[in-house]
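Here is the structure we will look at, set down as structure tokens.
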Amino acid sequence: MIYLDSAATSFLKPKSVKAAMIKAMDMMSSPGRGAYAAAMRAADKVYECRTLACRLFNFSAPENVVFTMNATHALNIAIKTLAGQGSRVVISGYEHNSVTRPLHEIGAEVTVAAGKLFDPESTAAEFADNVPGADLVICNHVSNVFGFVQPIYEISSICSRYGVPLIIDASQSAGIETIDCSRLDADFIAMPGHKGLLGPQGTGILLCGERPKPLMSGGTGSESLIQTMPEHLPDRAEAGTHNVVGIAGLCEGIRYVLNKGAENIGGYEARLCRETAERLGRVPTLEVFSSKDGTQAGVLSFRHRTIDCEEFCERLGKNGIAARCGLHCAPLAHKSAGTVDTGTVRISFSPFISHQQAMQANAAIEKIARSEN
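Under the numbering used here, the residues of the sequence shown are numbered 1359 to 1731, in order.
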């Protein structure tokens, strides 16, 4: 199988991730629940993962690295800390349902800063026009549908200028794009562990620039006498038993990214994406959504003139190629790009896909595209 669905989850991972998870199952229990060896090993591993995350994102407070189940969990914590019914929230035109659904649920007033696809200047201008007077801004760093790298540092500066809180959804950029917290004035940065950070499913991280409101309440292993969640982080946002096995795997995924360099991994994926886009762009039956000016990560969407996206993906699967089709849980992004009625076929790269595999996939896509029936 040629796996081209890393924007959904990094099915291909470093061998060290699996090894660390097996070791954790054999040797670790739960942190903060005892002073015996297995509990202390778990506590050390969890703290190590927090410190490695700080190194990767130039973040200075390990205790403010909160572990979550996934990016959706992290975003819900952040959104429900900073927004409520009637809050005026400005979002980009490329947000995922993990942002738009919580905002709908709480009754926020949503304004879309609808910049053009692969046009960071128009995106920044839209935010500059809409941020004044807002209660909150939420923006993803990279679109999960089109790989559009949004001007997040400029958007952060705009929010700082007007004193508006900012939540960054780094679901498609963590481990692939440079995220420098010393240059970002973000209140929260949310990310999954299972995509660019190369950890297992069931892991996520919320970098907290301020104290969050608890999304859940329960045991923390600390301050057990009080009947409210502790005030201090990370305990305040980490109710219940930690996913120590998952965190051990995530720790090794982050270590791999640190050793290779996020910019190197992202650069490699972007090169495969550009070459694929150029090749597929020569097929007259395909509409390829690509950028030629460096504003696209290793995520590429396309659609066929007559073949339905679901059917196209099914044919790819029969050829041993894993891709994704449809709306990708981001209907707003498709509305912004004009593809909401059809959806797209999405392919996404990883550091473990070779150039040869990418070219094999290209050939299969071309063959299907030119058949038209």
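Heads up, the beta-carbon is just placed ideally off N, CA and C, and yes, glycines get one too.
If I follow the unbroken beta strand (DSSP E) through residue i, where does it start and stop?
i	result
THR1409	Note, THR1409: premise wrong, no beta strand (DSSP E); alpha helix (DSSP H) at 1395-1415.
THR1426	1423-1426
ILE1526	1524-1527
Per DSSP, residue i is paired with what?
i	result
GLN1654	PHE1506
PHE1647	SER1659
GLU1467	ARG1446
GLY1684	THR1702
ILE1360	ILE1679
For residue i, I'd like the list of residues in its chain whose CB is within less than 7 Å of its CB, leaving aside the five on either flank, ordered along the chain.
i	result
ALA1486	ILE1516
ASN1434	PRO1460 and LEU1573
GLU1645	PHE1660 and ARG1661
PRO1478	GLN1508, PRO1509 and THR1653
LYS1474	SER1480
ASN1416	ASP1538, CYS1539 and SER1540
LEU1591	GLU1421, ASN1422, VAL1424, CYS1566 and ARG1569
GLU1535	HIS1499, VAL1500, VAL1507, ALA1620, GLY1624 and ALA1655
GLY1701	CYS1667, CYS1683, GLY1684, LEU1685 and HIS1692
ARG1637	ASN1720
VAL1404	PRO1389, HIS1600, VAL1602 and ILE1605
ALA1635	VAL1646, SER1648 and LEU1658
LEU1410	CYS1609, ILE1612, ARG1613 and LEU1616
TYR1330	The structure shown does not extend to residue 1330, since the chain is modelled only from 1359 to 1731, so the question has no answer here.
ALA1695	LEU1475, PHE1504 and PHE1647
If contacts are defined as beta-carbon pairs under 8 Å, then residue i and residue j qualify, I think. What distance do you get, rounded to the angstrom?
i	j	result
LEU1542	MET1549	Their Cβ separation, rounded to whole angstroms, is 13 Å, which puts LEU1542 and MET1549 out of contact at 8 Å.
ARG1733	ASP1363	The shown model of the chain, from 1359 to 1731, leaves out residue 1733, and the question about it has no answer.
HIS1454	SER1529	7 Å
GLU1596	VAL1423	10 Å between Cβ atoms; not a contact.
GLY1390	GLY1579	3 Å
ALA1397	SER1387	5 Å
ALA1429	ASP1527	7 Å
ILE1705	LEU1658	5 Å
CYS1497	ILE1449	7 Å
ALA1482	ILE1513	7 Å
VAL1489	TYR1520	5 Å
ALA1492	GLU1484	No, ALA1492 and GLU1484 are not in contact; Cβ-Cβ is about 12 Å, not under 8 Å.
SER1368	LYS1618	Actually they are not in contact, since the Cβ atoms of SER1368 and LYS1618 sit about 13 Å apart, beyond 8 Å.
VAL1698	PRO1689	6 Å
Between which two residues does the alpha helix (DSSP H) carrying residue i extend?
i	result
ASP1384	1373-1385
ILE1449	Not the alpha helix (DSSP H): ILE1449 falls in the beta strand (DSSP E), residues 1446-1450.
ALA1436	1429-1440
ARG1728	1713-1729
ALA1365	Premise fails: ALA1365 is in no alpha helix (DSSP H) and is neither H nor E.
SER1694	1689-1695
Given residue i, which residues of its chain have a CB within under 6 Å of its CB, disregarding the five upstream and five downstream residues?
i	result
LEU1370	TYR1361, SER1708 and PHE1710
ALA1691	TYR1452, SER1501 and VAL1503
MET1587	PRO1572, SER1575 and ARG1594
ILE1726	ARG1673
ALA1466	ALA1441, SER1445 and VAL1447
GLY1611	VAL1375, LEU1555, LEU1556 and GLY1557
PRO1523	LEU1440, LEU1494 and ASP1545
ARG1408	PRO1420 and VAL1423
SER1531	HIS1499 and VAL1500
ALA1722	ASN1677 and ILE1679
SER1649	PHE1476
If you drop the 5 nearest sequence neighbours on each side, which residues of the same chain put their C-beta closer than 8 Å to that of residue i?
i	result
MET1379	PRO1558, VAL1603, GLY1604, ALA1606 and GLY1607
LEU1310	An answer regarding residue 1310 cannot be provided, because it is not within the stretch 1359 to 1731 covered by the chain.
ASP1384	none
PRO1372	LEU1556, GLU1610, GLY1611 and TYR1614
ASP1651	PHE1476
CYS1412	SER1418, ALA1419, PRO1420 and VAL1423
Any heavy atom of the ligand MG closer than 8 Å to the beta-carbon of residue i?
i	result
ALA1695	Absence of the ligand MG from the depicted structure is noted, as is the absence of any ligand whatsoever, leaving it without description.
At 3 residues or longer, what runs of the beta strand (DSSP E) sit wholly inside the stretch 1470-1521?
Taken in chain order, the whole beta strand (DSSP E) runs of length 3 or more contained in the stretch 1470-1521 are 1494-1498.
Residue ranges of each alpha helix (DSSP H) run of no fewer than 4 residues wholly in the stretch 1531-1565, ordered along the chain?
Listed in chain order, nothing qualifies, since the stretch 1531-1565 has no complete alpha helix (DSSP H) run of 4 or more residues.
Would you mind listing the alpha helix (DSSP H) stretches within the stretch 1566-1628 that are 4+ residues and don't spill past its ends, in chain order?
The qualifying runs are 1602-1618.
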